[in-house]
Amino acid sequence: MKIVLAEKVSPATLAVFQEEPSWKIVTADKITNLEAELADADALVVRSAVQVTAELLEHAPKLRVIGRAGVGVDNIDADAATKRGIVVMNTPGANAVAVAELTLGLMITMARQIPKANAALHNGKWEKKSLQGTELRGKTLGIVGLGRIGLEVARRARSFGMDLIGYDPFVAPVIARENGVTLVDIDTIFKGSDYLTLHVGLTPQTEGLINKHSIAIMKKGIRIVNCARGELIVDEALAEGLQNGTVGGAALDVFRQEPLKESSYFGIENIILTPHLGGSTDEAQEAIGIQLAQQVSAYLKDGVVQNAVNVPSLSREEYVEVAPYIDLAQRLGTFLGLATPGNLENMDIAYSGRIASGKTDLIRNAVISGVLNDSDVNTINATAVANERGIRVQEDKKEFASGGAGSVLKLTLHSAEGDASASATVLHGNAPRLLSLDGIDIEAPLTGTLLVFRNHDVPGVIGRIGTVIGEHGVNIANFALGKSVRSQRVPQGQAMAVVQIEASPAKVTELIHALRKVDAIASVRAVELS
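Letter by letter, the sequence shown follows residues 9 to 538 in our numbering.
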């Protein structure tokens with residue numbers, strides 16, 4: 009085997025590869041022409057600097073695996089790698105402790121006014137009386153997102169004597185209880201937290217989570233920490249809250265634009281800004297390198313795939329057949345996952361028709377990945393993540409599909425507060441299509457921006473919906489309706505609509521707000537399916 013380490017790695021990382029004496033290891037300092045080195049390489053290891061493009065991969069006919077030391081794979085053309093049968097791996101979770109420790113460190117820094125005290129003493133000022141702080145003990149910490157990092161924060165915050173509340177619809181209640189976290193809805197997080205920390209990925213639902221409206225209902229003097237994604241916060245709203253005293257303090261490690269050159273936060277005294285230091289510890293970087301070396305070695309030696317971000321090796325014929333249903337599964341999971349009432353406990357996936365007789369592991373994992381809607385979850389590790397979060401997955405296969413569709417995928421999500429279900433198929437070989445929602449037949453595309461309505465079955469509702477959408481200058485691409493007296497999940501006298509629109513995220517937010525004022529509309533939500 010030949011392994012090309014295109015960027016500098018730690019001695020411990022190199023040692024993992026060197027455990028195999030027959031392997032040829034080419035380190036970054038020995039590379040003069042990367043394309044030439046890849047001509048007979050089996051594995052390529054990169055960090056963030058080397059751009060692994062489709063053109064570069066044309067020079068690597070033998071390459072079997074690309075390892076990225078880190079979470080993001082923006083510098084790797086994963087689609088091109090997949091077409092060439094190359095597995096792309098990353099290392100999610102290796103920096104969880106580092107990010108959790110920074111989160112707690114920022115909380116302590118705010119509580120004890122450490123930056124101000126340090127600056128004053130460097131200027132020869134002994135201002136002890138004006139720098140009296142507060143304790144974390146007895147304060148309520150709201151944790152938004154209880155994945156790996158969120159749970160690491162919870163474990164550490166408990167040792168400080170903090171009361172923990174959390175919001176994450178994709179974590180089973182038993183996991184939260186085991187970590188001392190009381191699950192609540194998002195508004196309760198905002199209203200009840202003394203400290204608020206964000207640990208969720210960026211989705212259409214989480215973008216701008218901290219905004220003018222959410223800040224308005226927060227406890228006065230709340231302190232906010234963000235070590236997740238800069239886009240979770242509307243900067244102007246937080247800056248205003250800090251300046252008018254609604255928000256007592258904030259500590260941000262991530263920003264919409266990095267590096268941060270201009271910001272509405274500059275000059276505000278009660279905010280701490282750090283340059284994306286979350287995973288920047290010696291230990292985290294060492295752990296990331298070692299983990300990646302172990303993953304790449306396991307794949308080369310035994311074919312074991314861990315933390316892959318693309319489809320694992322399949323024959324061309326198998327991939328051509330299953331790929332549309334992998335895409336469908338991801339979309340169906342995302343579509344239904346956002347509608348789950350309460351915290352998800354288990355899910356049922358039913359396959360019928362031709363797909364039931366083939367390999368469905370990737371379809372199952374794509375469903376789970378869509379439901380969890382987490383950037384760290386993919387079609388390889390989804391089942392393991394579901395198990396880790398206490399979510400049970402049940403599968404059922406029937407080789408006969410009713411209703412005229414060749415293959416149908418049905419998903420049912422269960423929680424203590426109720427169930428949600430939907431079925432879908434692929435039309436014309438590449439068109440994902442919704443067939444039913446909560447027992448009501450309703451056919452709609454599973455693409456683009458969708459508005460999902462429950463409305464009272466009275467005259468004029470469709471016209472009113474169309475009028476409101478038109479008044480906001482938004483075009484309707486598709487309008488699907490459905491109602492059924494047989495549905496057990498939809499109250500009598502209610503109907504459904506799924507409307508595909510063409511609008512920007514900001515416009516969608518305005519539109520949702522306006523539609524919720526229509527008396528005949530019981531509920532409306534937006535789903536973005538790129």
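C-beta atoms are modelled at their ideal positions from N, C-alpha and C, and glycine is treated no differently.
From a predicted model like this one, the values you see are computed outputs, not experimental measurements.
query = Going along the chain, which unbroken runs of the alpha helix (DSSP H) with 4 or more residues stay wholly within the segment 236–276?
reply = Runs of the alpha helix (DSSP H) inside the segment 236–276: 243–252.
ask   = When the Cα atoms are used, what is the spatial distance from L435 to A452?
value = Approximately 11 angstroms, taken between the alpha carbons.
inquiry  = Helix, strand or coil for F168? Go by DSSP, reduced to three states.
reply    = Assigned with DSSP and collapsed to three states, F168 falls in coil, not helix or strand.
ask   = Does the distance from the CB of L537 to the CB of R339 come in under 8 angstroms?
value = Yes, these two residues count as a Cβ contact at 8 angstroms.
query = Would you call R185 buried or exposed, if buried means 16 or more other Cβ atoms sit within 10 Å of its Cβ?
reply = The residue in question, R185, is exposed, as its Cβ has fewer than 16 Cβ neighbours within 10 Å.
query = What runs of the beta strand (DSSP E), each 3 residues or longer, lie entirely inside the segment 187–217?
reply = Qualifying beta strand (DSSP E) stretches, in chain order: 189–191, 203–206.
Residue interval of the beta strand (DSSP E) (run including H130) = Careful: H130 lies outside any beta strand (DSSP E), inside the alpha helix (DSSP H) at 122–130.
ask   = What's the C-alpha gap between A530 and H464?
value = Straight-line measurement puts the Cα of H464 at about 7 angstroms from the Cα of A530.
request  = With DSSP as the reference, please indicate the residues paired to Q402 in a beta bridge.
outcome  = Q402 is bridged to D356.
task = Would you tell me roughly how many angstroms separate the C-alpha atoms of E479 and F461, rounded to the nearest one?
result = Rounded to the nearest angstrom, the two C-alpha atoms are 18 angstroms apart.
Residues near T211 in its chain [Cβ-Cβ closer than 7 angstroms; skip 5 each side] = Only N381 meet the Cβ criterion.
inquiry  = Using the Cβ count rule (16 or more neighbours within 10 Å means buried), how would you classify V312?
reply    = Its Cβ having fewer than 16 others within 10 Å, V312 is exposed.
key: Residue from N351, K367, L419 whose Cα sits closest to the Cα of E425   = Looking at the Cα atoms, N351 is the closest of the given residues.
ask   = To the nearest angstrom, how far is it from the Cα of A374 to the Cα of F343?
value = Roughly 12 angstroms between the two C-alpha positions.
Segment limits, alpha helix (DSSP H) that includes M115 = The continuous alpha helix (DSSP H) containing M115 extends over residues 104–119.
query = How many angstroms separate the CA atom of N438 from the CA atom of L268?
reply = So the alpha carbons of these two residues sit roughly 41 angstroms apart.
ask   = Is D446 near A432, with beta carbons less than 8 angstroms apart?
value = No. Outside cutoff.
query = Excluding sequence positions up to five away, which residues of its chain have a Cβ less than 6 angstroms from the Cβ of L112?
reply = In chain order, R164 place their CB closer than 6 angstroms to the CB of L112, counting only its own chain and leaving out the 5 sequence neighbours on each side.
query = The beta strand (DSSP E) spanning R231 covers which residue range?
reply = Element bounds for R231: 230–234.
ask   = With burial defined as no fewer than 16 other Cβ atoms inside 10 Å of the residue's Cβ, what is the status of G169: buried or exposed?
value = Here G169 is exposed: its Cβ has fewer than 16 other Cβ atoms, across all protein chains shown, within 10 Å.
query = Rounded to a whole number of angstroms, what is the C-alpha to C-alpha distance between A364 and E407?
reply = Those two C-alpha atoms are separated by around 5 angstroms.
ask   = Is the beta carbon of G575 sitting closer than 8 angstroms to the one on A106?
value = Because residue 575 is not part of the residues shown, which for the chain are 9 to 538, the question remains open.
task = Rank V208, V182, P177 by C-alpha distance to the C-alpha of D193 and give the top, closest one.
result = That would be P177, whose Cα lies nearest to the Cα of D193.
Alpha-carbon spacing of G275 relative to I520, whole angstroms = The straight-line gap from Cα to Cα measures roughly 35 angstroms.
request  = Would you mind giving the Cβ-Cβ distance between I11 and D50, rounded to the nearest angstrom? I have them listed as a contact below 8 angstroms.
outcome  = In this structure I11 is in contact with D50, their Cβ atoms being roughly 7 angstroms apart against a cut-off of 8 angstroms.
task = Quick one: which unbroken alpha helix (DSSP H) runs of 4-plus residues sit fully inside the segment 451–507? Chain order, please.
result = List check, alpha helix (DSSP H) in window: 469–479.
ask   = Run through DSSP, which three-state label would V179 get?
value = In the displayed model, V179 falls within coil according to three-state DSSP, outside both helix and strand.
request  = Report the residue ranges of all beta strand (DSSP E) runs contained in full by the segment 329–376; include only those spanning at least 3 residues, in chain order.
outcome  = Complete beta strand (DSSP E) runs here, min 3: 352–361.
query = If we ignore side chains and look at the alpha-carbon of each, how far apart do R166 and N252 end up?
reply = C-alpha separation (whole angstroms): 31 angstroms.
message = Using the three-state DSSP reduction, which class does L308 fall into: helix, strand or coil?
response = Three-state result, L308: helix.
request  = For K405, I'd like the list of residues in its chain whose CB is within less than 6 angstroms of its CB, leaving aside the five on either flank, ordered along the chain.
outcome  = Excluding residues up to 5 positions away in sequence, Y359, A364 lie with their Cβ nearer than 6 angstroms to the Cβ of K405 in the same chain.
request  = Pick helix, strand or coil for H221, following the three-state DSSP scheme.
outcome  = In this structure, H221 counts as helix in the three-state DSSP scheme.
task = Might you give, ordered along the chain, the residues of its own chain that have their beta carbon closer than 7 angstroms to the beta carbon of L370, omitting 5 neighbours on each side?
result = The answer, listed in chain order, is V319, V330, I334, T387.
request  = Go to L22, then tell me how far its alpha helix (DSSP H) extends in each direction, as first and last residue.
outcome  = For L22, the enclosing alpha helix (DSSP H) begins and ends at 19–26.
inquiry  = Looking at T99: is its Cβ nearer than 8 angstroms to the Cβ of A77?
reply    = Contact: yes.
query = Among L206, A528, S512, which has the Cα closest to the Cα of G471?
reply = In terms of Cα proximity to G471, the closest of L206, A528, S512 is A528.
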